[in-house]
Amino acid sequence: MNWIYDPWPWYIGGPMIALILFLLLMVGKNFGMSSNLRTLCTLCGAGNATSFFKFDWRAQRWNLIVVIGAIIGGYIGAHVLSKTETVVIDTDTVNELQAMGFQSAGNAYLPTEIFGNSVFTDPKALLLLAIGGLLVGFGARYAGGCTSGHAISGLSNLQLPSLIAVIGFFMGGLVMIHLIFPLLF
Amino acid sequence: MRTVIYLGIGILFGITMYKSEAASWFRIYEMFTFESFHMYGIIGAALIIGVTITQLIKRFNISSFYGEKINFIPKEKGWKRYLIGGVIFGLGWALAGACPGPMFTLIGAGFLPILVVIATAILGTFLYGVFKDKLPH
């Protein structure tokens, strides 16, 4: 039964995502996680600031429940179904990351350098997380969706706008890793 | 009852994001250096099955579990918002190593600094709402 604690290979993970897309379609909903960030804005009273957030958030209640499930699922995945936190990434990637100062590469789930609890007293790490989140939130809403809404739902429905968005996601990601990371780390 | 179903789907999603390591910053980094097939395999396999499911539902007019018609919302035409918004999203995705689904999974997994990412992602969404009419779409 020890296999249950192993990480899932891509050929389990990918079909599971397709299963989630299928289940949501079959209960009459569309898979898209970044909409929840907009709903959370509305719940925080953003509707008073601009009309973009004036909508009946109850129509999105189902998606917030999916989010609560995703949090519980993260707990189960990490604490019930896993024994180690190690993510075995490519050895060249490990060497590159360690040379950049990410000593935790190859030994952790997330880099402790920016996701350990010590970051709360590390201004540079906090700033990087804050900028990352800001870009994700702004970009996802500007593009009208994120990895789930465009790369999975949209591309599954053969939507050209989603293909353009996914090409944009990769352009941005490549620029960050290959051009901006060398300046940051 | 429907609440329980949504919760169940969410739990399945959270477990999948964690166990497939799609919620790992390292996997996202590795994807953008093209040094591993893992993330491409996940997205590729999800898409091959996802396209098949979507086309079958449309072709055979398959109804939902509740007997209702399944609606696919077409994306609005255009390219500017998708390209510019997409690039901005990609920059953040690679830096924070998390997109809007896995972010929440990581709270459950116990990584508290992800709360900073979530709070600023909500702020970023708010800023988009404020500046929406001034941006090219």
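Heads up: the protein sequence lines correspond to chains A and B, in order.
Residue numbers for the first sequence follow the numbering used here, beginning at 893 and rising by one.
Residue numbers for the second sequence follow the numbering used here, beginning at 2 and rising by one.
Note that CB positions come from ideal geometry on N, CA and C, so glycine has one too.
{"Asked": "9 angstroms Cβ cutoff met for residue 963/A and residue 106/B", "Found": "yes"}
{"Asked": "C-beta atoms of residue 71/B and residue 917/A nearer than 9 angstroms", "Found": "yes"}
{"Asked": "Short Cβ contact (9 angstroms threshold) for residue 21/B with residue 899/A", "Found": "yes"}
{"Asked": "Sub-9 angstroms separation of residue 102/B and residue 925/A beta-carbons", "Found": "yes"}
{"Asked": "Selection from 95/B, 112/B, 82/B and 8/B that minimises the alpha carbon distance to residue 133/B", "Found": "82/B"}
{"Asked": "Neighbour-count burial assignment, residue 63/B, 16 or more Cβ in a 10 Å radius", "Found": "exposed"}
{"Asked": "Neighbour flag for residue 1013/A against chain B, beta carbons, 9 angstroms", "Found": "no"}
{"Asked": "Members of the segment 75–88 of chain B that neighbour chain A once the beta carbon cut-off is set at 8 angstroms", "Found": "75, 76, 77, 78, 79, 80, 82, 83, 84, 85, 86, 87 and 88"}
{"Asked": "Residues of the segment 1058–1070 of chain A whose Cβ lies closer than 9 angstroms to any Cβ of chain B, in chain order", "Found": "1058, 1059, 1060, 1061, 1062, 1063, 1064, 1065, 1066, 1067, 1068, 1069 and 1070"}
{"Asked": "Test: residue 61/B CB closer than 9 angstroms to a CB of chain A", "Found": "no"}
{"Asked": "Short Cβ contact (9 angstroms threshold) for residue 29/B with residue 906/A", "Found": "no"}
{"Asked": "Closest by C-alpha distance to residue 54/B, when choosing among 1063/A, 1045/A and 1075/A", "Found": "1045/A"}
{"Asked": "Beta carbon of residue 910/A nearer than 9 angstroms to that of residue 47/B", "Found": "yes"}
{"Asked": "Contact list for residue 900/A against chain B, beta-carbon separation under 7 angstroms", "Found": "20 and 21"}
{"Asked": "Neighbour flag for residue 135/B against chain A, beta carbons, 9 angstroms", "Found": "no"}
{"Asked": "Counted within 10 angstroms of its Cβ, other Cβ atoms place residue 908/A as buried (16 or more) or exposed", "Found": "buried"}
{"Asked": "Status (buried if at least 16 other CB within 10 Å, exposed otherwise) for residue 1037/A", "Found": "buried"}
{"Asked": "Contacts that residue 916/A makes with chain B (C-beta to C-beta distance below 8 angstroms)", "Found": "10"}
{"Asked": "Closer than 9 angstroms to chain B by CB, residue 1051/A", "Found": "yes"}
{"Asked": "Start and end residues, alpha helix (DSSP H) containing residue 1051/A", "Found": "No alpha helix (DSSP H) holds residue 1051/A; DSSP gives it neither H nor E."}
{"Asked": "Nearest candidate by alpha-carbon position, reference residue 1003/A, set 108/B, 8/B, 27/B and 4/B", "Found": "27/B"}
{"Asked": "Neighbour flag for residue 949/A against chain B, beta carbons, 9 angstroms", "Found": "no"}
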